[in-house]
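**Student:**
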Amino acid sequence: MVPKKDASVVLLALLVALSATPRSAEGQNAASIISPVFASAPSSFPLPSAVPSGTVVRVDGSDSMSAINQSLKQAFEQQYAGTTVELAADGTDAALRSLLANDIDLAAVGRSLTSQEKAQGLVETVLSREKIAMIVSADNPFAQSLTSEQFARIFRGEITNWSQVGGENLPIRFLDRPDSSDTRSALRNYPVFQAALFQTGQTATQLDQDSTDAIARQLGRDGISYAIVSQVQDLPNVRILPMHDTLPTDPRYPFSQPRGYVYKDSASPAVAAFLGFASSAAGQAAIAASTTEAATASGTATTSADTAPGAIAPAGTATPPATREATSATATAPATAPATAPVTTAAALLRRLPH
Numbered sequence: 000m001v002p003k004k005d006a007s008v009v010l011l012a013l014l015v016a017l018s019a020t021p022r023s024a025e026g027q028n029a030a031s032i033i034s035p036v037f038a039s040a041p042s043s044f045p046l047p048s049a050v051p052s053g054t055v056v057r058v059d060g061s062d063s064m065s066a067i068n069q070s071l072k073q074a075f076e077q078q079y080a081g082t083t084v085e086l087a088a089d090g091t092d093a094a095l096r097s098l099l100a101n102d103i104d105l106a107a108v109g110r111s112l113t114s115q116e117k118a119q120g121l122v123e124t125v126l127s128r129e130k131i132a133m134i135v136s137a138d139n140p141f142a143q144s145l146t147s148e149q150f151a152r153i154f155r156g157e158i159t160n161w162s163q164v165g166g167e168n169l170p171i172r173f174l175d176r177p178d179s180s181d182t183r184s185a186l187r188n189y190p191v192f193q194a195a196l197f198q199t200g201q202t203a204t205q206l207d208q209d210s211t212d213a214i215a216r217q218l219g220r221d222g223i224s225y226a227i228v229s230q231v232q233d234l235p236n237v238r239i240l241p242m243h244d245t246l247p248t249d250p251r252y253p254f255s256q257p258r259g260y261v262y263k264d265s266a267s268p269a270v271a272a273f274l275g276f277a278s279s280a281a282g283q284a285a286i287a288a289s290t291t292e293a294a295t296a297s298g299t300a301t302t303s304a305d306t307a308p309g310a311i312a313p314a315g316t317a318t319p320p321a322t323r324e325a326t327s328a329t330a331t332a333p334a335t336a337p338a339t340a341p342v343t344t345a346a347a348l349l350r351r352l353p354h
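The sequence shown begins at 0 in numbering that gives the first Met the number 0 and counts up one residue at a time.
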């Protein structure tokens, strides 16, 4: 039996909580569509005060993590003299196999581990999240917002013409990433993609390489695809589509993917030191710098590869350059420097932080 006074306090607390929670059916449905399913919370490690000279950390993994890896390597080696971070980018699946074989210390991944992978003793540490943008070319006439369900149906080939989502009478051509893509795998975690088989339809063309630049060059007037925001936000020939009338600068923009590392069983001293640094203020500054550098590199590569005589300016619905806080709204570790900071290298950012 709850005392009358205590019961009143409990009732008041419940009423306050209910008043702060959206109750509309539309809001509940949207939440069920866009909320990802993740099995575990990220691990954390303290920032080491010192790391023994001669320490080597071997890292392999997703190409989508290459910029982050390089930035953290530079900052870690500068912070701890005599250490070495060895990098490779053979893909997530290959890296996880190497990790299980003890050939590397860390796998750099852009997706969550499966239950089978966790059962083998693999442990993930999520450092940040980044939005996944739905993209078309700048000359695509479609100028509407999509819903998560509409995009999932386009992915599966159930919606085949732009007129079905308010656009012109023009066939939809879906450009998909390879099955090994971490960005593709991240979509699988969302309920809207779990409502049916996770596979594309007859409107899809699947690329052999997990390359945003290749996708951007092939979008044409009728294509649609998806990419990490930092890789496309500054491309002059790509336009980011609104989702639910929001852009990736809004935390409500639905899709995102984790960015982090995986280790085997208990973390070795070298792994613990690297992950402690990566999740610290200095490490997060390096990650923020890498996001800016990745966007610049992608823009330069795509522009130089484009053989058209002139770039077409983005339409009015194009997203403005987003800060890291906006594009990684659900990050598990706070960033200390947004992507719009005037400093563009991890080393420069590191020098500005207290030691």
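Cβ coordinates follow ideal geometry from the N, Cα and C atoms, glycine included.
Is residue 277 near residue 145, with beta carbons less than 7 Å apart?
**Tutor:** no
**Student:** Am I right that residue 270 and residue 104 are in contact with their C-beta atoms under 8 Å? What's the rounded C-beta distance?
**Tutor:** 5 Å
**Student:** Would you kindly work out how many angstroms separate the C-alpha atoms of residue 50 and residue 82, rounded to a whole number?
**Tutor:** 8 Å
**Student:** Sort out for me which residues DSSP pairs residue 205 with in a bridge.
**Tutor:** Within the DSSP bridge table, the entry for residue 205 names 175 as partners.
**Student:** From residue 108 to residue 160, what does the alpha carbon distance come to, in whole angstroms?
**Tutor:** Near 34 Å, if we compare the C-alpha coordinates of residue 160 and residue 108.
**Student:** Tell me which residues share the same chain as residue 272 and place their Cβ nearer than 6 Å to its Cβ, disregarding the 5 neighbours each side in the sequence.
**Tutor:** 47, 50
**Student:** Let me check one thing: in DSSP terms, what residues is residue 218 bridge-paired to?
**Tutor:** Looking at the DSSP assignment, residue 218 forms no beta bridge with any residue, so it has no partner.
**Student:** Could you tell me the boundaries of the beta strand (DSSP E) in which residue 106 lies?
**Tutor:** Looking at the DSSP string, the run of the beta strand (DSSP E) that includes residue 106 is 105 to 108.
**Student:** Are the region 139 to 154 and the region 208 to 215 touching by the rule of at least three beta carbon pairs closer than 8 Å?
**Tutor:** They do not touch, by the three-pair rule.
**Student:** Apart from the five residues on each side of it in sequence, which residues of its chain come closer than 7 Å, Cβ to Cβ, to residue 97?
**Tutor:** 59, 103
**Student:** Using the three-state DSSP reduction, which class does residue 68 fall into: helix, strand or coil?
**Tutor:** Residue 68 falls in the helix class under three-state DSSP.
**Student:** What does DSSP give as the partner residue(s) for residue 362 in the beta ladder?
**Tutor:** This structure leaves residue 362 out entirely; the chain is present only between 0 and 354.
**Student:** Enumerate in chain order the residues of its own chain whose CB-to-CB distance from residue 165 is below 6 Å, with the five nearest sequence positions on each side excluded.
**Tutor:** Excluding five sequence positions before and after residue 165, the CB atoms of its chain that fall closer than 6 Å to its own CB belong to 143, given in chain order.
**Student:** Provide the residue span of the alpha helix (DSSP H) that contains residue 275, from first to last.
**Tutor:** If you look at residue 275, you'll find it in the alpha helix (DSSP H) that goes 268 to 277.
**Student:** Which residues in the same chain as residue 200 place their Cβ atom closer than 6 Å to its Cβ, once the five residues preceding and following it in sequence are excluded?
**Tutor:** 155, 156
**Student:** Considering just the uninterrupted stretch of the beta strand (DSSP E) at residue 84, what are its terminal residues?
**Tutor:** 83 to 86
**Student:** So residue 153 is in the alpha helix (DSSP H); what residue range does that whole segment cover?
**Tutor:** DSSP places residue 153 in the uninterrupted alpha helix (DSSP H) bounded by 147 to 155.
**Student:** Given residue 285, which residues of its chain have a CB within under 6 Å of its CB, disregarding the five upstream and five downstream residues?
**Tutor:** Counting only Cβ-Cβ distances below 6 Å, and skipping sequence neighbours, we find 70, 71, 74, 345.
**Student:** Could you have a look at residue 211 and say whether DSSP puts it in helix, strand or coil?
**Tutor:** helix
**Student:** Looking at the structure shown, is residue 62 part of a helix, part of a strand, or coil, going by DSSP?
**Tutor:** helix
**Student:** As a quick exercise: from 150, 266, 259, pick the residue whose alpha carbon is nearest that of residue 375.
**Tutor:** In the structure as shown, the chain starts at 0 and stops at 354, and residue 375 therefore has no counterpart that could be examined.
**Student:** Classify residue 91 as helix, strand or coil using the three-state DSSP reduction.
**Tutor:** helix
**Student:** Buried or exposed for residue 279, please, with buried defined as at least 16 other CB atoms from any protein chain shown within 10 angstroms of its CB.
**Tutor:** buried
**Student:** Do you know whose CA, among 226, 263, 152, lies nearest residue 194's CA?
**Tutor:** 152
**Student:** Measure from the alpha carbon of residue 227 to the alpha carbon of each residue in 182, 76, 178, 267, then state which is nearest.
**Tutor:** 182
**Student:** Counting along the chain, where does the beta strand (DSSP E) carrying residue 238 start and finish?
**Tutor:** 237 to 239
**Student:** So, with DSSP's three-state summary, where would you put residue 100?
**Tutor:** coil
**Student:** In terms of alpha-carbon separation, which member of 63, 100, 87, 80 lies closest to residue 110?
**Tutor:** Nearest C-alpha to residue 110: 63.
**Student:** Reducing DSSP to helix, strand and coil, say where residue 140 ends up.
**Tutor:** coil
**Student:** Return yes when the Cβ of residue 68 is within less than 7 Å of the Cβ of residue 95, no when it is not.
**Tutor:** Contact: no.
**Student:** Can you give me the C-alpha to C-alpha distance between residue 124 and residue 263, rounded to a whole angstrom?
**Tutor:** In this structure, the straight-line span from the alpha carbon of residue 124 to that of residue 263 is close to 11 Å.
**Student:** From this set, 289, 91, 148, which residue's C-alpha is nearest residue 121's C-alpha?
**Tutor:** 91
**Student:** Along the chain, where does the alpha helix (DSSP H) containing residue 246 start, and where does it finish?
**Tutor:** Per DSSP, residue 246 belongs to no alpha helix (DSSP H) and is neither H nor E.
**Student:** How long is the line joining the alpha carbons of residue 301 and residue 232, rounded to whole angstroms?
**Tutor:** Because residue 301 carries a pLDDT of 44, less than 50, the predicted location of this residue cannot be relied on, and no value is offered for it.
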